[in-house]
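As you go down the protein sequences, you meet chains D and E in turn.
Going by the working numbering, the first sequence opens with residue 69, and the numbers climb by one from there.
Going by the working numbering, the second sequence opens with residue 69, and the numbers climb by one from there.
Protein chains: 2
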Amino acid sequence: MTRLRVLGFAVSVDGYGAGPRQDRDNPLGVRGPALMEWFFHTQAWREMHGETGGETGVDNDMARRGFAGIGAWILGRNMFGPVRGPWPDESWRGWWGEEPPYHTPVFVLTHHPRPPLEMAGGTVFHFVTDGIESALAQAKAAAGGRDVRLGGGAATIRQYLAAGLVDDLHLAVRPVLLGSGEPLMHGLDLHALGYECTGCVAGERATHLFLEKRA
Amino acid sequence: MTRLRVLGFAVSVDGYGAGPRQDRDNPLGVRGPALMEWFFHTQAWREMHGETGGETGVDNDMARRGFAGIGAWILGRNMFGPVRGPWPDESWRGWWGEEPPYHTPVFVLTHHPRPPLEMAGGTVFHFVTDGIESALAQAKAAAGGRDVRLGGGAATIRQYLAAGLVDDLHLAVRPVLLGSGEPLMHGLDLHALGYECTGCVAGERATHLFLEKRA
Numbered sequence: 069m070t071r072l073r074v075l076g077f078a079v080s081v082d083g084y085g086a087g088p089r090q091d092r093d094n095p096l097g098v099r100g101p102a103l104m105e106w107f108f109h110t111q112a113w114r115e116m117h118g119e120t121g122g123e124t125g126v127d128n129d130m131a132r133r134g135f136a137g138i139g140a141w142i143l144g145r146n147m148f149g150p151v152r153g154p155w156p157d158e159s160w161r162g163w164w165g166e167e168p169p170y171h172t173p174v175f176v177l178t179h180h181p182r183p184p185l186e187m188a189g190g191t192v193f194h195f196v197t198d199g200i201e202s203a204l205a206q207a208k209a210a211a212g213g214r215d216v217r218l219g220g221g222a223a224t225i226r227q228y229l230a231a232g233l234v235d236d237l238h239l240a241v242r243p244v245l246l247g248s249g250e251p252l253m254h255g256l257d258l259h260a261l262g263y264e265c266t267g268c269v270a271g272e273r274a275t276h277l278f279l280e281k282r283a
Numbered sequence: 069m070t071r072l073r074v075l076g077f078a079v080s081v082d083g084y085g086a087g088p089r090q091d092r093d094n095p096l097g098v099r100g101p102a103l104m105e106w107f108f109h110t111q112a113w114r115e116m117h118g119e120t121g122g123e124t125g126v127d128n129d130m131a132r133r134g135f136a137g138i139g140a141w142i143l144g145r146n147m148f149g150p151v152r153g154p155w156p157d158e159s160w161r162g163w164w165g166e167e168p169p170y171h172t173p174v175f176v177l178t179h180h181p182r183p184p185l186e187m188a189g190g191t192v193f194h195f196v197t198d199g200i201e202s203a204l205a206q207a208k209a210a211a212g213g214r215d216v217r218l219g220g221g222a223a224t225i226r227q228y229l230a231a232g233l234v235d236d237l238h239l240a241v242r243p244v245l246l247g248s249g250e251p252l253m254h255g256l257d258l259h260a261l262g263y264e265c266t267g268c269v270a271g272e273r274a275t276h277l278f279l280e281k282r283a
């Protein structure tokens with residue numbers, strides 16, 4: 069059965085999935101890049117960017133797992149770009165250049181319609197305006213029997229968690245304090261929503277946590 | 069210089085230092101004992117309870133560090149007991165029986181005066197009614213050049229953090245979801261308050277995090 073999975077989503081020890089004051093210059097918010105330090109050094113990251121080398125080890129294994137068996141992605145609009153409100157034109161084509169790292173259909177949640185956008189390497193961005201359940205249904209249909217990865221951001225993951233739609237999560241907890249920003253779990257009662265923590269593995273630059281929805 | 073230290077304070081991965089609905093039957097709140105599982109199995113815990121055996125390893129080392137070099141403790145009133153409002157009498161003598169594990173002066177924050185209470189093994193509970201700064205000044209004076217350990221609970225630690233009075237923290241992050249309860253860091257901007265995360269060590273049953281106030 070196709071699952072909805074959050075994989076390799078980084079949070080700070082004080083629970084933030086992005087720093088404060090996100091904008092075009094700070095897509096992860098101020099101090100947000102510190103969240104990604106577990107990923108930047110891995111062989112997996114370097115390969116994604118056409119480079120050789122990089123570290124192998126626990127963090128690298130965890131990064132690779134996040135791309136295995138994924139047939140479609142869902143992203144919140146802010147993960148696609150800094151544009152707010154109606155699209156002024158179609159010039160914004162994502163943060164990732166002409167060949168994004170997804171290589172699958174990607175369903176972007178937005179209130180503002182836009183035609184699908186086909187990129188190099190198999191990524192096609194579809195803009196979904198009729199809500200998170202519709203995006204999930206479309207992503208599952210497009211995933212071809214593989215799983216759907218919910219990429220974020222934090223606010224989007226919270227919406228899917230509150231609706232009980234996420235099957236499991238792998239969080240990379242980074243030993244940094246952001247102090248403010250986009251909280252992932254604050255005020256969400258994940259126990260009452262049916263989730264439990266099923267594992268914890270120490271990586272080189274993050275502690276990897278596994279949460280699952282109880283059957 | 070005498071420091072104010074939080075040591076071995078357990079939190080869930082969703083950030084709670086105690087579960088919901090604390091009362092006499094549930095001093096750590098519902099599901100709260102899951103927070104202490106890193107400590108219950110250690111040699112240090114067993115020795116404190118007059119038993120032999122127990123596990124050695126990282127968690128045990130961390131537990132022992134929490135008692136080394138401590139000359140006085142500060143506790144919030146709920147950590148001392150379940151009594152709320154004025155003391156009806158002096159029959160409540162703490163959760164720990166006649167020989168509590170502190171073996172130092174312990175300053176208990178309360179709005180309701182009560183004479184000092186001397187227990188076996190060197191623990192003397194002093195009830196402080198004039199605020200957190202007074203309790204800290206009294207504890208530092210009593211510590212004889214050693215450090216002061218702030219035992220909790222979460223609400224008490226938050227008060228001292230918000231006032232910038234805590235020098236460092238060692239948190240034992242347990243891989244459990246409590247869902248609700250007493251949050252430790254939610255809504256406190258520890259970065260703005262001057263704290264940073266200086267280390268992270270994987271234990272057998274918890275991930276040990278170290279936070280320090282920047283100089």
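Just so you know, even glycine gets a beta-carbon here, dropped at the ideal spot from N, CA and C.
Spell out whether any CB of chain D is found under 8 Å from the CB atom of residue i.
i, result
"Val81(E)", "yes"
"Asp257(E)", "yes"
"Tyr170(E)", "no"
"Gly100(E)", "no"
"His109(E)", "no"
"Met104(E)", "no"
"Ala260(E)", "yes"
"Ala270(E)", "yes"
"Leu279(E)", "yes"
When the cut-off is 8 Å and only beta carbons count, does residue i lie next to chain E?
i, result
"Gly247(D)", "yes"
"Leu75(D)", "no"
"Ala207(D)", "no"
"Met305(D)", "The requested residue 305(D) does not occur in the structure, where chain D is confined to residues 69 to 283."
"Leu96(D)", "no"
"Glu264(D)", "yes"
"Gly267(D)", "yes"
"Ala283(D)", "no"
"Thr124(D)", "no"
"Thr275(D)", "yes"
"Leu143(D)", "no"
Can you say whether residue i is buried or exposed, counting buried as having 16 or more other CB atoms within 10 angstroms of its CB?
i, result
"His180(E)", "exposed"
"Pro243(D)", "buried"
"Arg226(D)", "buried"
"His276(D)", "buried"
"Thr289(E)", "Residue 289(E) is absent from the model: chain E starts at 69 and stops at 283."
"Gly271(D)", "buried"
"Trp113(E)", "buried"
"His238(E)", "buried"
"Ala283(D)", "exposed"
"Trp163(E)", "exposed"
"Ala188(E)", "exposed"
"His117(D)", "exposed"
"Glu250(E)", "buried"
"Gly153(D)", "exposed"
"Thr110(E)", "buried"
"Met253(D)", "buried"
"Ala136(D)", "exposed"
Tell me, which residues are paired with residue i by DSSP?
i, result
"Asp236(D)", "Arg73(D) and Glu280(D)"
"Val81(E)", "DSSP lists no partner for Val81(E)."
"His194(E)", "Phe175(E)"
"Ile142(E)", "Phe175(E) and Leu218(E)"
"Pro251(E)", "Tyr84(E)"
"Glu119(D)", "Its beta-bridge partners do not exist; DSSP assigns none."
"Val151(E)", "In the DSSP output, where bridge partners are listed per residue, Val151(E) has none listed."
"Val241(D)", "Val79(D) and Thr275(D)"
"Gly267(D)", "Phe278(D)"
"Thr110(E)", "Glu123(E)"
"Val186(D)", "Before going on, a small fix: residue 186(D) reads as Glu here, not Val. BP columns for Glu186(D) point to Val192(D)."
"Asp91(D)", "Asn94(D)"
Exercise. Residues in the segment 211–245 of chain D with C-beta within 9 Å of chain E's C-beta atoms, listed in sequence order?
Worked result: When C-beta distances to chain E are compared with 9 Å, the residues of the segment 211–245 of chain D below that value are Leu239, Val241, Arg242, Pro243, Val244 and Leu245, in chain order.
Exercise. Is the number of C-beta pairs between the segment 156–165 of chain E and the segment 126–138 of chain E that are closer than 8 Å three or more?
Worked result: A contact between stretches requires three or more CB pairs, one per stretch, nearer than 8 Å, and the segment 156–165 of chain E fails this requirement with the segment 126–138 of chain E.
Exercise. Using 8 Å as the Cβ pair cut-off and three pairs as the minimum, do the segment 249–262 of chain D and the segment 227–240 of chain D touch?
Worked result: In short, these stretches touch, since the Cβ pair count reaches three.
Exercise. With contact counted as at least three CB pairs below 8 Å, one residue from each stretch, are the segment 134–142 of chain E and the segment 205–222 of chain E in contact?
Worked result: Flag = yes, the segment 134–142 of chain E and the segment 205–222 of chain E touch.
Problem set entry | Touch test, the segment 165–179 of chain D against the segment 189–204 of chain D, Cβ-Cβ under 8 Å, three pairs minimum | Yes, the segment 165–179 of chain D is in contact with the segment 189–204 of chain D.
Exercise. Counting Cβ pairs, one atom from each stretch, are 3 or more of them under 8 Å apart for the segment 71–81 of chain E and the segment 236–252 of chain E?
Worked result: The segment 71–81 of chain E is in contact with the segment 236–252 of chain E.
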